[in-house]
Amino acid sequence: MKAVAPPGADAMLQRLAESLELQDGRWRARQGDWVLDSHFQPVFSFPHRRAVGYEALLRVSDLGGQSVSPLKFFEHLGSFDQQWASDRLCRLLHVHNFVHQAGTADDQGWLFLNIHPTVFVHGAQQLEVLEGSVQTASALGLPMHRVVLEVTEDVMAQEADFERAVANVRQTGCLLALDDFGAGHSNFDRIWHIHPEIVKLDRSLLRRACGSPRIARVLAQMVSLLHECGSLVLLEGVETRDEAMLALDVDVDMVQGFAFGRPVPGMLGPAGVSDEIEEIWELLDERHATTRRAHSSHVAPYREALKRAQARLQALPFADACAELLGLPGVQVCFLLDEQGRHVAEPLLPAGARHVSLDPRFAPLGRAGEARWARRPYFRRALDEPGVVQMTRPYLSLHGAQMCVTLSVAFPTPDGPRVLCADIDWAGSEGQA
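In this text, residue positions in the sequence shown follow the numbering used here: the first is 1223, and each later residue adds one.
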(Lines of atoms letter the chains of each structure in order from A and count residues from 1; the text may use other names and numbers.)
(Lines give C-alpha, C1' and ligand atoms only; values in the text may rest on other atoms or scores of the structure.)
Protein backbone atom coordinates (compact mmCIF):
# COMPACT_ATOMS: atom_id res chain seq x y z
CA MET A 1 0.00 0.00 0.00
CA LYS A 2 1.37 3.39 -1.05
CA ALA A 3 0.87 6.67 0.77
CA VAL A 4 -1.14 9.43 -0.88
CA ALA A 5 -0.55 13.14 -0.32
CA PRO A 6 -3.69 15.15 0.45
CA PRO A 7 -5.14 17.57 -2.10
CA GLY A 8 -3.25 20.85 -2.17
CA ALA A 9 0.10 19.34 -1.19
CA ASP A 10 3.10 20.86 -2.94
CA ALA A 11 4.85 18.91 -5.71
CA MET A 12 7.76 17.81 -3.51
CA LEU A 13 5.43 16.46 -0.84
CA GLN A 14 3.47 14.52 -3.44
CA ARG A 15 6.68 12.89 -4.73
CA LEU A 16 7.82 12.07 -1.21
CA ALA A 17 4.50 10.48 -0.31
CA GLU A 18 4.83 8.14 -3.28
CA SER A 19 8.05 6.71 -1.80
CA LEU A 20 6.23 5.53 1.35
CA GLU A 21 4.85 2.01 1.48
CA LEU A 22 2.99 0.10 4.19
CA GLN A 23 4.74 -3.23 4.82
CA ASP A 24 3.93 -5.65 7.65
CA GLY A 25 1.99 -3.01 9.52
CA ARG A 26 4.71 -0.35 9.28
CA TRP A 27 5.36 2.51 6.92
CA ARG A 28 8.79 2.52 5.32
CA ALA A 29 10.38 4.77 2.73
CA ARG A 30 12.68 3.83 -0.09
CA GLN A 31 15.24 6.38 -1.24
CA GLY A 32 17.83 5.12 -3.68
CA ASP A 33 19.76 2.28 -2.06
CA TRP A 34 18.40 3.06 1.40
CA VAL A 35 15.33 1.94 3.33
CA LEU A 36 14.09 4.34 6.01
CA ASP A 37 12.08 3.39 9.10
CA SER A 38 10.87 5.07 12.30
CA HIS A 39 11.68 4.31 15.91
CA PHE A 40 10.09 6.11 18.84
CA GLN A 41 11.58 6.93 22.24
CA PRO A 42 9.13 7.88 25.01
CA VAL A 43 9.31 11.22 26.79
CA PHE A 44 8.13 10.99 30.39
CA SER A 45 6.73 13.68 32.67
CA PHE A 46 7.97 13.40 36.24
CA PRO A 47 4.89 15.03 37.83
CA HIS A 48 2.44 12.97 35.74
CA ARG A 49 4.57 9.80 36.07
CA ARG A 50 3.74 8.70 32.53
CA ALA A 51 4.75 9.15 28.91
CA VAL A 52 3.53 12.43 27.45
CA GLY A 53 5.10 12.11 24.01
CA TYR A 54 7.60 10.39 21.75
CA GLU A 55 10.63 11.53 19.84
CA ALA A 56 10.76 10.09 16.34
CA LEU A 57 14.20 8.80 15.39
CA LEU A 58 15.35 7.64 11.98
CA ARG A 59 16.58 4.11 11.34
CA VAL A 60 18.30 3.29 8.04
CA SER A 61 19.18 0.01 6.38
CA ASP A 62 20.57 -0.95 3.02
CA LEU A 63 18.67 -3.06 0.51
CA GLY A 64 20.11 -6.19 2.11
CA GLY A 65 18.58 -5.30 5.47
CA GLN A 66 21.89 -4.31 7.10
CA SER A 67 21.56 -1.43 9.56
CA VAL A 68 23.36 1.77 8.60
CA SER A 69 24.04 4.88 10.65
CA PRO A 70 21.60 7.70 9.80
CA LEU A 71 24.66 9.97 9.59
CA LYS A 72 25.98 7.89 6.71
CA PHE A 73 22.66 8.30 4.94
CA PHE A 74 22.71 12.09 5.28
CA GLU A 75 26.40 12.30 4.34
CA HIS A 76 25.67 10.96 0.87
CA LEU A 77 23.30 13.85 0.15
CA GLY A 78 25.00 16.36 -2.10
CA SER A 79 22.86 19.44 -2.68
CA PHE A 80 20.66 21.40 -0.33
CA ASP A 81 17.61 20.33 -2.34
CA GLN A 82 18.46 16.69 -1.61
CA GLN A 83 18.94 17.49 2.06
CA TRP A 84 15.66 19.37 2.21
CA ALA A 85 13.75 16.57 0.48
CA SER A 86 15.25 13.88 2.72
CA ASP A 87 14.56 15.92 5.85
CA ARG A 88 10.90 16.31 4.85
CA LEU A 89 10.67 12.64 3.90
CA CYS A 90 11.83 11.58 7.36
CA ARG A 91 9.19 13.69 9.08
CA LEU A 92 6.49 12.47 6.68
CA LEU A 93 7.49 8.89 7.45
CA HIS A 94 7.46 9.51 11.20
CA VAL A 95 4.01 11.12 11.10
CA HIS A 96 2.60 8.14 9.16
CA ASN A 97 4.03 5.62 11.63
CA PHE A 98 3.02 7.69 14.65
CA VAL A 99 -0.58 8.07 13.51
CA HIS A 100 -0.74 4.44 12.37
CA GLN A 101 -0.15 3.35 15.98
CA ALA A 102 -2.58 5.85 17.50
CA GLY A 103 -5.16 3.13 18.03
CA THR A 104 -2.93 1.34 20.54
CA ALA A 105 -1.04 4.29 22.02
CA ASP A 106 -1.90 7.55 23.74
CA ASP A 107 -3.83 9.72 21.30
CA GLN A 108 -3.04 12.90 23.24
CA GLY A 109 0.76 12.75 23.35
CA TRP A 110 3.24 14.92 21.51
CA LEU A 111 5.29 13.84 18.53
CA PHE A 112 8.81 15.32 18.68
CA LEU A 113 10.27 15.80 15.20
CA ASN A 114 13.84 16.84 14.45
CA ILE A 115 14.46 19.33 11.67
CA HIS A 116 17.76 20.41 10.17
CA PRO A 117 18.53 24.07 11.08
CA THR A 118 19.01 25.17 7.48
CA VAL A 119 15.88 23.34 6.36
CA PHE A 120 13.95 24.99 9.18
CA VAL A 121 14.98 28.50 8.14
CA HIS A 122 14.54 27.89 4.41
CA GLY A 123 11.38 25.79 4.43
CA ALA A 124 9.49 27.70 7.10
CA GLN A 125 9.70 30.88 5.03
CA GLN A 126 7.74 29.24 2.22
CA LEU A 127 4.14 29.45 3.33
CA GLU A 128 2.85 27.02 0.73
CA VAL A 129 5.25 24.39 2.06
CA LEU A 130 4.05 24.96 5.60
CA GLU A 131 0.42 24.81 4.52
CA GLY A 132 1.03 21.52 2.73
CA SER A 133 2.68 20.05 5.82
CA VAL A 134 -0.21 21.16 8.03
CA GLN A 135 -2.77 19.73 5.61
CA THR A 136 -0.92 16.42 5.44
CA ALA A 137 -0.68 16.07 9.22
CA SER A 138 -4.33 17.00 9.63
CA ALA A 139 -5.44 14.60 6.91
CA LEU A 140 -3.59 11.80 8.70
CA GLY A 141 -5.30 12.70 11.98
CA LEU A 142 -2.45 14.52 13.74
CA PRO A 143 -3.36 18.08 14.79
CA MET A 144 -0.45 20.50 14.80
CA HIS A 145 -0.76 21.23 18.52
CA ARG A 146 0.58 17.72 19.10
CA VAL A 147 3.71 18.36 17.02
CA VAL A 148 6.94 19.56 18.62
CA LEU A 149 9.61 20.73 16.18
CA GLU A 150 13.12 20.38 17.57
CA VAL A 151 15.68 22.91 16.34
CA THR A 152 19.28 23.23 17.47
CA GLU A 153 21.03 26.45 18.36
CA ASP A 154 22.86 26.46 15.01
CA VAL A 155 19.79 28.08 13.52
CA MET A 156 20.32 31.22 15.59
CA ALA A 157 23.24 32.30 13.40
CA GLN A 158 20.73 33.32 10.73
CA GLU A 159 18.81 35.74 12.94
CA ALA A 160 16.73 37.73 10.45
CA ASP A 161 15.60 34.70 8.45
CA PHE A 162 15.21 32.73 11.65
CA GLU A 163 12.76 35.23 13.14
CA ARG A 164 10.54 35.03 10.06
CA ALA A 165 10.71 31.25 10.13
CA VAL A 166 9.72 31.11 13.80
CA ALA A 167 6.79 33.46 13.23
CA ASN A 168 5.53 31.36 10.32
CA VAL A 169 5.92 28.05 12.14
CA ARG A 170 4.14 29.38 15.20
CA GLN A 171 1.12 30.19 13.04
CA THR A 172 0.70 26.47 12.35
CA GLY A 173 0.00 25.85 16.04
CA CYS A 174 2.92 23.52 16.71
CA LEU A 175 5.37 23.80 19.61
CA LEU A 176 9.07 24.64 19.33
CA ALA A 177 11.78 22.88 21.30
CA LEU A 178 15.35 24.16 21.50
CA ASP A 179 17.54 21.07 21.38
CA ASP A 180 20.95 20.37 22.95
CA PHE A 181 20.91 23.43 25.20
CA GLY A 182 24.02 23.48 27.37
CA ALA A 183 26.34 22.08 24.71
CA GLY A 184 28.93 24.25 23.01
CA HIS A 185 28.28 27.99 23.26
CA SER A 186 24.76 27.93 24.69
CA ASN A 187 23.48 31.11 26.29
CA PHE A 188 20.18 32.46 27.53
CA ASP A 189 20.04 35.09 24.81
CA ARG A 190 18.87 32.29 22.54
CA ILE A 191 16.10 31.39 24.97
CA TRP A 192 14.90 35.00 25.13
CA HIS A 193 15.10 35.18 21.34
CA ILE A 194 13.20 32.05 20.38
CA HIS A 195 10.80 31.74 23.36
CA PRO A 196 10.69 27.94 23.00
CA GLU A 197 7.87 26.08 24.69
CA ILE A 198 10.36 23.32 25.57
CA VAL A 199 14.11 23.41 26.18
CA LYS A 200 15.97 20.11 25.87
CA LEU A 201 19.08 20.09 28.06
CA ASP A 202 22.13 18.37 26.65
CA ARG A 203 23.30 15.22 28.39
CA SER A 204 26.71 16.79 29.04
CA LEU A 205 25.11 18.95 31.75
CA LEU A 206 23.74 15.86 33.46
CA ARG A 207 27.08 14.08 33.27
CA ARG A 208 28.94 16.98 34.87
CA ALA A 209 26.28 17.51 37.55
CA CYS A 210 26.43 13.85 38.60
CA GLY A 211 30.08 14.33 39.53
CA SER A 212 29.76 17.60 41.42
CA PRO A 213 27.24 18.80 44.04
CA ARG A 214 28.20 22.36 43.13
CA ILE A 215 27.34 21.86 39.45
CA ALA A 216 24.15 20.04 40.44
CA ARG A 217 23.06 23.12 42.39
CA VAL A 218 23.85 25.32 39.39
CA LEU A 219 21.86 22.98 37.13
CA ALA A 220 18.87 23.31 39.46
CA GLN A 221 19.13 27.10 39.24
CA MET A 222 19.40 26.87 35.44
CA VAL A 223 16.20 24.83 35.34
CA SER A 224 14.50 27.39 37.58
CA LEU A 225 15.60 30.23 35.30
CA LEU A 226 14.32 28.39 32.22
CA HIS A 227 10.98 27.97 33.98
CA GLU A 228 10.90 31.71 34.67
CA CYS A 229 11.60 32.29 30.96
CA GLY A 230 8.37 30.44 30.23
CA SER A 231 9.78 27.11 29.02
CA LEU A 232 9.26 23.53 30.04
CA VAL A 233 12.53 21.67 30.59
CA LEU A 234 13.34 18.22 29.21
CA LEU A 235 16.55 16.42 30.13
CA GLU A 236 17.67 13.90 27.53
CA GLY A 237 20.18 11.09 27.73
CA VAL A 238 19.13 9.86 31.19
CA GLU A 239 20.60 6.37 31.34
CA THR A 240 20.99 5.32 34.98
CA ARG A 241 18.93 5.39 38.16
CA ASP A 242 21.28 7.92 39.77
CA GLU A 243 20.96 10.20 36.74
CA ALA A 244 17.19 9.88 36.90
CA MET A 245 17.17 10.85 40.59
CA LEU A 246 19.34 13.88 39.84
CA ALA A 247 17.02 14.89 37.01
CA LEU A 248 14.03 14.73 39.35
CA ASP A 249 15.95 16.54 42.08
CA VAL A 250 16.82 19.53 39.87
CA ASP A 251 13.13 19.82 38.94
CA VAL A 252 13.14 19.17 35.20
CA ASP A 253 9.64 18.61 33.84
CA MET A 254 10.37 15.74 31.48
CA VAL A 255 13.02 13.10 30.89
CA GLN A 256 14.08 10.91 28.03
CA GLY A 257 16.69 8.17 27.92
CA PHE A 258 17.56 4.51 28.27
CA ALA A 259 16.61 4.56 31.97
CA PHE A 260 12.97 4.83 30.91
CA GLY A 261 12.81 3.46 27.40
CA ARG A 262 14.96 2.82 24.36
CA PRO A 263 13.94 3.81 20.83
CA VAL A 264 11.76 1.02 19.44
CA PRO A 265 9.49 0.63 16.41
CA GLY A 266 6.33 0.56 18.52
CA MET A 267 4.97 2.85 21.19
CA LEU A 268 3.67 2.15 24.67
CA GLY A 269 0.07 1.21 25.28
CA PRO A 270 -2.47 3.59 26.85
CA ALA A 271 -0.65 5.95 29.18
CA GLY A 272 -0.46 4.76 32.76
CA VAL A 273 1.78 5.41 35.74
CA SER A 274 5.34 4.32 34.96
CA ASP A 275 6.83 1.86 37.45
CA GLU A 276 10.28 3.29 36.68
CA ILE A 277 9.18 6.86 37.42
CA GLU A 278 7.40 5.79 40.61
CA GLU A 279 10.56 4.00 41.77
CA ILE A 280 12.63 7.15 41.19
CA TRP A 281 10.17 9.19 43.26
CA GLU A 282 10.39 6.68 46.12
CA LEU A 283 14.19 6.49 46.01
CA LEU A 284 14.53 10.26 45.97
CA ASP A 285 12.11 10.59 48.89
CA GLU A 286 14.27 8.15 50.87
CA ARG A 287 17.47 9.98 49.92
CA HIS A 288 16.01 13.35 50.90
CA ALA A 289 14.87 11.98 54.27
CA THR A 290 18.35 10.64 54.96
CA THR A 291 19.98 13.88 53.80
CA ARG A 292 17.64 15.98 55.94
CA ARG A 293 18.51 13.96 59.03
CA ALA A 294 22.25 14.28 58.38
CA HIS A 295 21.87 17.93 57.46
CA SER A 296 19.86 18.69 60.58
CA SER A 297 22.43 16.95 62.77
CA HIS A 298 25.29 18.85 61.11
CA VAL A 299 23.66 22.27 61.39
CA ALA A 300 21.91 21.91 64.76
CA PRO A 301 24.85 23.15 66.92
CA TYR A 302 25.13 26.31 64.81
CA ARG A 303 21.38 26.99 64.91
CA GLU A 304 21.27 26.57 68.68
CA ALA A 305 24.37 28.73 69.22
CA LEU A 306 22.90 31.46 67.00
CA LYS A 307 19.67 31.47 69.03
CA ARG A 308 21.62 31.69 72.29
CA ALA A 309 23.71 34.54 70.89
CA GLN A 310 20.54 36.38 69.89
CA ALA A 311 19.14 35.98 73.42
CA ARG A 312 22.39 37.18 75.01
CA LEU A 313 22.33 40.34 72.91
CA GLN A 314 19.57 41.60 75.19
CA ALA A 315 22.12 41.99 78.00
CA LEU A 316 25.63 41.60 76.58
CA PRO A 317 27.82 43.43 74.06
CA PHE A 318 27.89 42.01 70.54
CA ALA A 319 31.31 40.35 70.89
CA ASP A 320 30.49 38.68 74.21
CA ALA A 321 27.09 37.48 73.01
CA CYS A 322 28.66 35.78 69.96
CA ALA A 323 31.73 34.31 71.66
CA GLU A 324 30.30 30.78 71.89
CA LEU A 325 29.12 30.86 68.27
CA LEU A 326 32.50 32.09 67.02
CA GLY A 327 34.18 29.25 68.86
CA LEU A 328 32.44 26.59 66.78
CA PRO A 329 34.52 25.06 63.95
CA GLY A 330 33.83 26.48 60.51
CA VAL A 331 32.28 29.79 61.57
CA GLN A 332 33.72 32.42 59.21
CA VAL A 333 32.13 35.60 60.52
CA CYS A 334 29.25 36.93 62.64
CA PHE A 335 27.52 40.19 61.78
CA LEU A 336 24.58 42.22 63.00
CA LEU A 337 22.34 44.18 60.61
CA ASP A 338 19.70 46.85 61.05
CA GLU A 339 16.34 46.84 59.26
CA GLN A 340 17.97 48.31 56.13
CA GLY A 341 20.65 45.64 55.93
CA ARG A 342 23.48 47.85 57.22
CA HIS A 343 26.04 46.73 59.77
CA VAL A 344 25.24 47.86 63.31
CA ALA A 345 28.77 46.94 64.43
CA GLU A 346 31.98 45.70 62.85
CA PRO A 347 31.70 42.03 61.81
CA LEU A 348 33.23 39.60 64.29
CA LEU A 349 35.85 37.04 63.30
CA PRO A 350 36.91 33.88 65.13
CA ALA A 351 39.75 34.28 67.59
CA GLY A 352 43.08 34.67 65.81
CA ALA A 353 41.58 35.62 62.43
CA ARG A 354 42.58 39.10 61.25
CA HIS A 355 40.71 39.07 57.93
CA VAL A 356 37.68 37.20 56.66
CA SER A 357 39.25 36.38 53.31
CA LEU A 358 42.08 33.86 53.37
CA ASP A 359 42.70 34.29 49.64
CA PRO A 360 44.67 37.46 48.82
CA ARG A 361 43.05 37.63 45.37
CA PHE A 362 39.78 38.60 47.07
CA ALA A 363 41.28 41.02 49.58
CA PRO A 364 39.05 43.93 48.40
CA LEU A 365 36.04 41.97 49.71
CA GLY A 366 37.54 41.43 53.15
CA ARG A 367 36.25 44.65 54.69
CA ALA A 368 32.46 44.58 54.91
CA GLY A 369 31.69 47.02 57.70
CA GLU A 370 30.09 49.55 55.34
CA ALA A 371 28.30 46.99 53.19
CA ARG A 372 24.52 46.71 52.84
CA TRP A 373 22.92 43.27 52.59
CA ALA A 374 19.22 44.12 52.28
CA ARG A 375 18.76 42.09 49.08
CA ARG A 376 20.21 38.89 50.46
CA PRO A 377 17.72 36.02 50.99
CA TYR A 378 18.96 35.39 54.52
CA PHE A 379 18.10 39.00 55.44
CA ARG A 380 14.68 39.18 53.80
CA ARG A 381 13.51 35.77 55.05
CA ALA A 382 14.63 36.56 58.59
CA LEU A 383 12.60 39.78 58.64
CA ASP A 384 9.59 37.90 57.26
CA GLU A 385 9.75 35.36 60.13
CA PRO A 386 11.16 37.03 63.26
CA GLY A 387 12.55 34.59 65.80
CA VAL A 388 12.91 31.74 63.29
CA VAL A 389 16.44 30.75 62.28
CA GLN A 390 16.88 30.86 58.49
CA MET A 391 19.52 29.08 56.43
CA THR A 392 20.61 29.73 52.86
CA ARG A 393 21.71 27.39 50.14
CA PRO A 394 25.51 27.17 49.72
CA TYR A 395 26.94 30.19 47.88
CA LEU A 396 30.13 32.24 47.46
CA SER A 397 30.23 34.75 50.28
CA LEU A 398 31.16 38.35 49.50
CA HIS A 399 32.41 38.61 53.06
CA GLY A 400 35.39 36.51 52.11
CA ALA A 401 34.88 34.87 48.73
CA GLN A 402 34.49 31.42 50.28
CA MET A 403 31.71 28.88 49.91
CA CYS A 404 29.39 29.17 52.88
CA VAL A 405 25.85 29.00 54.16
CA THR A 406 24.43 31.86 56.18
CA LEU A 407 22.30 31.41 59.28
CA SER A 408 20.17 34.36 60.31
CA VAL A 409 17.54 35.31 62.85
CA ALA A 410 15.59 38.56 63.26
CA PHE A 411 14.52 39.99 66.59
CA PRO A 412 13.04 43.26 67.89
CA THR A 413 14.97 45.95 69.77
CA PRO A 414 14.02 49.43 71.01
CA ASP A 415 15.95 50.80 68.01
CA GLY A 416 14.08 48.67 65.50
CA PRO A 417 14.48 45.15 64.09
CA ARG A 418 17.91 43.56 64.04
CA VAL A 419 19.15 40.52 62.11
CA LEU A 420 21.96 38.43 63.57
CA CYS A 421 23.87 36.45 60.92
CA ALA A 422 26.70 33.94 60.79
CA ASP A 423 28.53 32.60 57.73
CA ILE A 424 29.44 28.92 58.12
CA ASP A 425 32.14 27.33 55.97
CA TRP A 426 30.61 24.92 53.45
CA ALA A 427 33.57 24.10 51.22
CA GLY A 428 34.17 20.87 53.09
CA SER A 429 30.50 20.03 53.59
CA GLU A 430 29.40 19.20 50.03
CA GLY A 431 28.25 15.84 51.23
CA GLN A 432 25.71 17.61 53.41
CA ALA A 433 24.50 19.93 50.61
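Glycine included, every Cβ here is placed at the ideal spot set by N, Cα and C.
Query: Taking only the alpha-carbon atoms, compute the straight-line gap between Pro-1264 and Ala-1481 and give it to the nearest angstrom.; Result: 11 Å
Query: Extract the residue ranges of the beta strand (DSSP E) inside the segment 1414–1442, only unbroken runs of 3 or more that lie entirely within it.; Result: 1420–1423
Query: Return the bridge partner residues of Trp-1256 from the DSSP annotation.; Result: Gln-1253, Asp-1284
Query: Would Asp-1645 be called buried (16 or more neighbouring beta carbons within 10 Å of its own) or exposed?; Result: buried
Query: Report the three-state DSSP secondary structure of Leu-1505 (helix, strand or coil).; Result: helix
Query: How would you write the range of the beta strand (DSSP E) that Ala-1632 sits in, first residue to last?; Result: 1625–1633
Query: Where in the segment 1339–1393 do unbroken runs of the beta strand (DSSP E), each at least 3 residues long, occur, reported from the N-terminal end onward?; Result: 1369–1374
Query: Run the CB neighbour count on Thr-1326, radius 10 Å, all protein chains shown included, and call it buried at 16 or more, exposed below.; Result: A caution first: Thr-1326 carries a pLDDT of 49, below 50, which makes its placement in the model too unreliable to give a value.
Query: Does the segment 1395–1410 come close enough to the segment 1459–1467 to have 3 or more Cβ pairs within less than 8 Å?; Result: no
Query: Find out if the Cβ-Cβ distance for the pair Phe-1540, Ala-1567 is shorter than 8 Å.; Result: yes
Query: Who are the near neighbours of Gln-1323 in its chain, counting only those whose CB is closer than 6 Å to its CB and skipping five residues on each side?; Result: Met-1489
Query: Hey, Phe-1295 and Trp-1256 are a contact pair by Cβ (cut 8 Å); roughly how many whole angstroms apart?; Result: 6 Å
Query: Does Cys-1643 pass the burial test, meaning 16 or more other C-beta atoms within 10 Å, or should it be called exposed?; Result: buried
Query: Where does Ala-1655 fall in DSSP's three states?; Result: Its pLDDT being 43, under 50, Ala-1655 is placed unreliably by the model, and the measurement read from it follows with that caveat. Coil.
Query: For the putative contact between Asp-1656 and Val-1495, defined by C-beta atoms under 8 Å, what is the C-beta separation to the nearest angstrom?; Result: It is not possible to answer for residue 1656, since the shown part of the chain is limited to 1223 through 1655.
Query: So does the segment 1381–1400 actually touch the segment 1425–1439, counting three or more Cβ pairs closer than 8 Å?; Result: no
Query: May I have a chain-ordered list of the beta strand (DSSP E) segments no shorter than 3 residues that lie completely inside the segment 1262–1313?; Result: 1272–1284
Query: Output needed for Gln-1393: all residues of its chain with C-beta closer than 6 Å, excluding positions within five of it in sequence on either side, in chain order.; Result: none
Query: Is the beta carbon of Phe-1584 closer than 8 Å to that of Gly-1609?; Result: no
Query: What's the gap between the Cα of Arg-1439 and the Cα of Thr-1513?; Result: 15 Å
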